[in-house]
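Taken in sequence, the protein lines are chains A and B.
130 is the number that my numbering gives to position 130 of the first sequence; each next residue is one higher, with no gaps.
Throughout, my numbering is defined as the position within the second sequence, counted from one, plus 1000.
C-beta: ideal position from N, C-alpha, C; glycine also.
Report on the following structure.
There are 2 protein chains.
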Amino acid sequence: MNNYTDMLRDHNLKVTPQRLAIAQALDVRGHMSLDELYHVMLEKFSSISLATIYKNIHIMLENTFIQEVKLPQAKSVYELTKASHAHLSCEKCGAVEDIMLDMDVLVKQAMQKSSYKIQEASLVLGGICKNCQ
Amino acid sequence: MNNYTDMLRDHNLKVTPQRLAIAQALDVRGHMSLDELYHVMLEKFSSISLATIYKNIHIMLENTFIQEVKLPQAKSVYELTKASHAHLSCEKCGAVEDIMLDMDVLVKQAMQKSSYKIQEASLVLGGICKNCQ
DNA sequence: CTTTAAACGATAAAAGTTATTGTTTAAACT
DNA sequence: AGTTTAAACAATAACTTTTATCGTTTAAAG
Chain A
1 MNNYTDMLRD
11 HNLKVTPQRL
21 AIAQALDVRG
31 HMSLDELYHV
41 MLEKFSSISL
51 ATIYKNIHIM
61 LENTFIQEVK
71 LPQAKSVYEL
81 TKASHAHLSC
91 EKCGAVEDIM
101 LDMDVLVKQA
111 MQKSSYKIQE
121 ASLVLGGICK
131 NCQ
Chain B
1001 MNNYTDMLRD
1011 HNLKVTPQRL
1021 AIAQALDVRG
1031 HMSLDELYHV
1041 MLEKFSSISL
1051 ATIYKNIHIM
1061 LENTFIQEVK
1071 LPQAKSVYEL
1081 TKASHAHLSC
1091 EKCGAVEDIM
1101 LDMDVLVKQA
1111 MQKSSYKIQE
1121 ASLVLGGICK
1131 NCQ
């Protein structure tokens, strides 16, 4: 019983080889688009169905095992759920990185100005990564 | 020659009745999804093609006449391009609002921490609007 | 072991987006 | 004002993406 098994169970997800592989792939690579994930999975499960990817992405989102990151100029990527953080997105090579930034000040400002009750903050910073500069 | 005519010309967009109506609709309503826009347009142009909406959204994005706002749990909405700002999104009624927030501090922090060259910041705050609370 | 509900692969159906084609029109130039 | 031309239009076909269906397999509880 490995690490990913427990993580899946904690989110009320039945443990299957396919799901373990998805968890591992996202853990290792950090962020993957749906079709990146599909192609990586095909290497391990040569006859995996694309529908299986869609259905697992969907239920894993529902059960907050993973999160979707919508990027300004690119396809969404998915990541294992972790502590709230912002994202850096390289507009040249497409790389996506996590970055810890304290958004509390902004969120408080926004609540005062707007009288919204804010529950989540999604910040994506687009730019050029170190490699591509 | 009205206001929207000049705005379209400034972005190298040929002025057509359909485009004027798109500009006006977005100006009046602030944010609209693609199919909201389509249905509003159908009232003025009973035989407008959905393809016309797609093509105009596309070219207007290319020419930065409009911007796409990708929302965490909903379909993208579009808005006329204006000064950089953040968005509030009500997760109950789907309303989207602009909000001016100074993100420079965060952007600077992110540049130092990451060595990315950051060009744009997209912040969407999800929550419950005043009406829905 | 059984049993059973859930997950799987295969594939059809539906929804969303883009491309094509013939016609119309905005805008530049007489 | 009338002509010309490239772009925009409506209609619709083609393509892509996502979801639903269905028979089979399997995880996990008893």
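Annotation for A:N56: Q18, R19, I22 place their beta carbon closer than 8 Å to its own, counting only its chain and skipping 5 residues before and after.
With respect to B:L1088, B:I1099 sits close: the two C-beta atoms are nearer than 9 Å. Relative to the Cα of B:E1120, the nearest Cα in the group A:D104, A:M103, A:C90, A:H31 belongs to A:C90. Within the region 110-126 of chain A, the residues whose Cβ lies closer than 9 Å to some Cβ of chain B are A110, M111, K113, S114, S115, Y116, K117, I118, Q119, E120, A121, S122, L123, V124, L125, G126, listed in chain order.
Any Cβ of chain A closer than 9 Å to the Cβ of B:E1068 would place that residue at the interface, and such an atom is present. Taking 9 Å as the threshold, the shortest C-beta distance from A:C129 to chain B falls below it. Taking all protein chains shown into account, A:H31 has 16 or more neighbouring C-beta atoms within 10 Å of its C-beta and is therefore buried.
Among the CB atoms of chain A, one or more fall inside 9 Å of the CB of B:E1091. Counting every other CB atom within 10 Å of its CB across the protein chains shown gives B:A1051 a total below 16, marking it as exposed. At a cut-off of 9 Å between C-beta atoms, A:P17 does not count as an interface residue with respect to chain B.
Under a criterion of Cβ atoms nearer than 8 Å, the residues of chain A adjacent to B:I1099 are, in order, A110, K113, S114.
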